[in-house]
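In what follows, a structure is listed as structure tokens, so that the remarks can point back to it.
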Amino acid sequence: MQLEKGDYHTLVNGSVAGTRARIVLDTGASHSCMDASFAAKIFPQLQATEHEGVTAGIGGDDFQVRVADIPDFRIGRYKRPIFKDMALLDFAYINMAYVRLNKKPVQMILGNDFFVQNHAVINYEDGCLYFTIEKSEK
2 MQLEKGDYHT
12 LVNGSVAGTR
22 ARIVLDTGAS
32 HSCMDASFAA
42 KIFPQLQATE
52 HEGVTAGIGG
62 DDFQVRVADI
72 PDFRIGRYKR
82 PIFKDMALLD
92 FAYINMAYVR
102 LNKKPVQMIL
112 GNDFFVQNHA
122 VINYEDGCLY
132 FTIEKSEK
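The sequence shown: position 32 = 33 (the numbering used here), numbered continuously.
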């Protein structure tokens, strides 16, 4: 998957249930998350549950986290039928920063949980995101 060039963050284009999404690849984030309003627009009947505990992160404030299983996630040829326990957050703070930089808003952030589970590697030199093959256990 080719990375978006000339930006402050590492971005890729993907889709959720056929709806285009701009996605930040954030190796500093422990968990992946999606803009709650984007999720609600695509899945009006989406069932989200409260995640236990308070999380610190985006914007430096503490906030409650809701999670949901998101169907049909894709980046290039990579397909994930169900993205389990996706954190749903208000991206207003994030997207205000993008607007100030004259950039398009983002709908998702992929964190280290995604990179580890999917054996994903970012090669900055050639500007690509790769999914490596897990070695089989003997």
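Glycine included, each C-beta is placed from N, C-alpha and C at the ideal position.
Computed from a prediction, not measured in an experiment: that's the story for all the values here.
Whole-angstrom C-beta distance between residue j and residue i, which should lie under 8 Å
i, j, result
"ASP70", "ASP86", "7 Å"
"VAL13", "LEU102", "With a Cβ gap of about 18 Å, VAL13 and LEU102 do not count as contacting."
"GLU51", "ARG67", "6 Å"
Beta-carbon proximity of residue i to residue j, cut-off 8 Å
i, j, result
"VAL107", "ILE43", "no"
"GLY112", "ASP27", "yes"
"SER16", "ALA88", "no"
"ASN119", "PHE132", "yes"
"PRO72", "ALA18", "yes"
"MET109", "ALA22", "yes"
For residue i: DSSP bridge partner residues
i, result
"ILE123", "LEU130"
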